[in-house]
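**Student:**
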Amino acid sequence: MTKLLLIKTSSLGDVIHALPALTDVTHFDPSLKVDWLVEEAFSEIPLLHGHINQVKTIALRRWKHHWLKKDTWCEVFQRIRQIKQASYDVSVDCQGLIKSALLSRLLPGERHGYEKGSIREPLAALCYQHTHQVSWQLHAVERNRQLLGQVFGYTPTATVDYGISAPSLPASMAPSTAWVVFLHGTSRASKEWPVDAWIQLGRHMALMGLTVLLPSGNQKEEARAKHIAQQVDRAVALPRLSLTHLASLLQEAQWVVGVDTGLTHLAVALKQKVIALYTDTDPRATGVYGSDRATNLGGIGMMPDVESVLKLCL
Numbered sequence: 200m201t202k203l204l205l206i207k208t209s210s211l212g213d214v215i216h217a218l219p220a221l222t223d224v225t226h227f228d229p230s231l232k233v234d235w236l237v238e239e240a241f242s243e244i245p246l247l248h249g250h251i252n253q254v255k256t257i258a259l260r261r262w263k264h265h266w267l268k269k270d271t272w273c274e275v276f277q278r279i280r281q282i283k284q285a286s287y288d289v290s291v292d293c294q295g296l297i298k299s300a301l302l303s304r305l306l307p308g309e310r311h312g313y314e315k316g317s318i319r320e321p322l323a324a325l326c327y328q329h330t331h332q333v334s335w336q337l338h339a340v341e342r343n344r345q346l347l348g349q350v351f352g353y354t355p356t357a358t359v360d361y362g363i364s365a366p367s368l369p370a371s372m373a374p375s376t377a378w379v380v381f382l383h384g385t386s387r388a389s390k391e392w393p394v395d396a397w398i399q400l401g402r403h404m405a406l407m408g409l410t411v412l413l414p415s416g417n418q419k420e421e422a423r424a425k426h427i428a429q430q431v432d433r434a435v436a437l438p439r440l441s442l443t444h445l446a447s448l449l450q451e452a453q454w455v456v457g458v459d460t461g462l463t464h465l466a467v468a469l470k471q472k473v474i475a476l477y478t479d480t481d482p483r484a485t486g487v488y489g490s491d492r493a494t495n496l497g498g499i500g501m502m503p504d505v506e507s508v509l510k511l512c513l
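Here this note's numbering is used: position 193 in the sequence shown is 392, and no number is missing along the way.
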């Protein structure tokens, strides 16, 4: 039995984009024992996949604020030791960054990754024993799939299968009426959709008898969610939830409207109907992908209007 470690540490959307590659490789060779190395904040995502063995975590985002503390270095060495003790036969760095490549370099067994012309940080390729050329013209999902296909010698099929499902939502967490989820929070202001547009869309949802759920992950998003909820009947600003609970809410929603954020991609992976709003990034490269129930609206310098969203909802 071959032991494989997939390295895809962050961000949330990038981790989700690597899930179909895991589905492909385990269909090609069901005997593979696959572990995943990921940032601790996103560790719940690979666990939703039916063919993952174990999830190994690192905490670079947390550690970088405490490099001068002895406890940090103790934890770093402990995590590295645990990963090395697993004695992987093969590791594949799907991240293609220097930080992920250095983690790969510490491992025994065959080390695979992108060749220097296929990644943003070419020096990362020096850490791999075997490198693979993958076109920049492909969507991020397909780049991951092509990389794993080259490593193991197969051609990915046309069908994209993220391979995940969320647990059923506990009755205590479910709204009393059908709901939609508005994913309004994203990593930078240029990718946000105007608050007034969310309010206008939410009022249409209320007229349709739907509850609007507004998740948030930080104080800024919490304030925005509360503001929108105050302006929209039947809208609820949710408390902070785990990724697994959010996945359950997304999976059982009527549909999801979201900006360019990892949770929008999670909704697609869960086979949900999704309308993705792009204002400052190119959906051809990292838009919602692989589902006929998902639609990209907008693009760089483009602002989708409420009417366009409503046409897709009705």
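C-beta: ideal position from N, C-alpha, C; glycine also.
Determine, using beta carbons only, whether ASP288 and CYS326 come nearer to each other than 9 angstroms.
**Tutor:** Mapped onto the sequence shown, residue 288 falls at position 89. Mapped onto the sequence shown, residue 326 falls at position 127. Not a contact, by the Cβ cut-off of 9 angstroms.
**Student:** Just checking my contact of THR385 with VAL455 at CB under 8 angstroms: how many whole Å lie between their CB atoms?
**Tutor:** Counted from its first residue, the sequence shown places residue 385 at position 186. Counted from its first residue, the sequence shown places residue 455 at position 256. Actually they are not in contact, since the Cβ atoms of THR385 and VAL455 sit about 14 angstroms apart, beyond 8 angstroms.
**Student:** Should ALA428 be labelled buried (16 or more other beta-carbon atoms within 10 Å of its own) or exposed?
**Tutor:** Position 229 of the sequence shown, counted from the first residue, corresponds to residue 428. It is buried - the Cβ of ALA428 has at least 16 other Cβ atoms within 10 Å.
**Student:** Leaving out the 5 sequence neighbours to the left and right, which residues in its chain are closer than 8 angstroms to VAL435 when beta-carbon positions are compared?
**Tutor:** Looking up residue 435 in the sequence shown gives position 236. For VAL435, where only same-chain residues beyond five positions count, the Cβ hits under 8 angstroms are PRO374, THR410, VAL411, LEU412, LEU413 and ALA428.
**Student:** In three-state DSSP terms, what is ILE474?
**Tutor:** Here residue 474 refers to the residue found at position 275 when the sequence shown is read from its first residue. The answer is strand: DSSP assigns ILE474 an E or B state.
**Student:** Closer than 8 angstroms is the cut-off here; do at least three beta carbon pairs connect the stretch 241 to 250 with the stretch 306 to 314?
**Tutor:** With a cut-off of 8 angstroms, the stretch 306 to 314 and the stretch 241 to 250 do not count as touching, because too few Cβ pairs lie within range.
**Student:** Just checking my contact of ARG342 with PRO219 at CB under 8 angstroms: how many whole Å lie between their CB atoms?
**Tutor:** Residue 342 sits at position 143 when you count from the first residue of the sequence shown. Residue 219 sits at position 20 when you count from the first residue of the sequence shown. No, ARG342 and PRO219 are not in contact; Cβ-Cβ is about 11 angstroms, not under 8 angstroms.
**Student:** Under three-state DSSP, which class holds VAL411?
**Tutor:** Within the sequence shown, residue 411 is the residue found at index 212, counting from 1. Here VAL411 sits in strand by DSSP.
**Student:** At the level of alpha carbons, what is the spacing between THR208 and SER230?
**Tutor:** Counting from one through the sequence shown, the residue named residue 208 turns up at place 9. Counting from one through the sequence shown, the residue named residue 230 turns up at place 31. Their backbone Cα atoms lie some 24 angstroms apart in a straight line.
**Student:** Exposed or buried, which one is ALA370 when buried takes at least 16 other CB atoms within 10 Å?
**Tutor:** The residue given as residue 370 occupies position 171 in the sequence shown. That one is exposed.
**Student:** Which two residues bound the contiguous alpha helix (DSSP H) that contains ASP213?
**Tutor:** Residue 213 sits at position 14 when you count from the first residue of the sequence shown. Its alpha helix (DSSP H) spans residues 211 to 216.
**Student:** Note down the Cα distance separating GLU420 from TRP262, rounded to an integer number of angstroms.
**Tutor:** On the sequence shown, position 221 is the one that residue 420 refers to. On the sequence shown, position 63 is the one that residue 262 refers to. For GLU420 and TRP262, the distance between alpha carbons rounds to 24 angstroms.
**Student:** Please give the ranges of any alpha helix (DSSP H) in the stretch 358 to 438, keeping only runs that are unbroken, at least 4 residues long and fully inside the region.
**Tutor:** The qualifying runs are 394 to 406 and 418 to 430.
**Student:** On the DSSP letters alone, give me the boundaries of the alpha helix (DSSP H) that GLY312 sits inside.
**Tutor:** Position 113 of the sequence shown, counted from the first residue, corresponds to residue 312. No alpha helix (DSSP H) holds GLY312; the beta strand (DSSP E) holding it covers 309 to 313.
**Student:** Rounded to whole angstroms, what's the CA-CA distance from PHE276 to ALA285? Just pull it up for me.
**Tutor:** Indexing the sequence shown from 1 puts residue 276 at position 77. Indexing the sequence shown from 1 puts residue 285 at position 86. Between PHE276 and ALA285, the C-alpha separation is close to 15 angstroms.
**Student:** Select from LYS269, ILE215 and SER242 the residue whose C-alpha is nearest the C-alpha of ALA258.
**Tutor:** The sequence position of residue 258 within the sequence shown is 59, counting from 1. With distances taken between Cα atoms, ALA258 lies closest to SER242.
**Student:** On the DSSP letters alone, give me the boundaries of the beta strand (DSSP E) that SER290 sits inside.
**Tutor:** The count along the sequence shown starts at 1 and reaches residue 290 at position 91. 289 to 292 is the span of the beta strand (DSSP E), which, as asked, contains SER290.
**Student:** In the stretch 438 to 503, which residue ranges form an unbroken beta strand (DSSP E) of at least 3 residues, counting only runs that do not cross its ends?
**Tutor:** Runs of the beta strand (DSSP E) inside the stretch 438 to 503: 454 to 458, 473 to 477 and 493 to 497.
**Student:** So for ILE257, helix, strand or coil by DSSP?
**Tutor:** By 1-based counting over the sequence shown, the position of residue 257 is 58. Of the three classes helix, strand and coil, the one that applies to ILE257 here is strand, per DSSP.
**Student:** At which residues does the alpha helix (DSSP H) containing THR354 begin and terminate?
**Tutor:** By one-based count along the sequence shown, residue 354 stands at place 155. Premise fails: THR354 is in no alpha helix (DSSP H) and is neither H nor E.
**Student:** So if DSSP puts TRP235 in a beta bridge, which residue, or which two residues, is it bridged to?
**Tutor:** As a working note, residue 235 is residue 36 in the sequence shown. Looking at the DSSP assignment, TRP235 forms a beta bridge with LEU205 and VAL254.
**Student:** What's the gap between the Cα of GLY316 and the Cα of LEU511?
**Tutor:** Here residue 316 corresponds to residue number 117 of the sequence shown, with the count starting at 1. Here residue 511 corresponds to residue number 312 of the sequence shown, with the count starting at 1. Cα to Cα, GLY316 sits roughly 39 angstroms from LEU511.
**Student:** Inspect the CB distances between the stretch 388 to 399 and the stretch 360 to 368 and report whether three or more fall short of 8 angstroms.
**Tutor:** Taking 8 angstroms as the limit for Cβ pairs, the verdict is that the stretch 360 to 368 does not touch the stretch 388 to 399.
**Student:** Report the three-state DSSP secondary structure of HIS226 (helix, strand or coil).
**Tutor:** As a first step, residue 226 is located in the sequence shown; it is residue number 27 there, counting from the start. HIS226: helix per DSSP, three-state reduction.
**Student:** Just the C-alpha distance for LEU302 and LEU509, rounded to the nearest angstrom, thanks.
**Tutor:** For this step, residue 302 is matched to residue 103 along the sequence shown. For this step, residue 509 is matched to residue 310 along the sequence shown. The alpha-carbon atoms of LEU302 and LEU509 are separated by roughly 46 angstroms.
**Student:** Just grab the DSSP bridge partners of THR330 for me.
**Tutor:** If you number the sequence shown from 1, residue 330 lands on position 131. THR330 pairs with GLY312.
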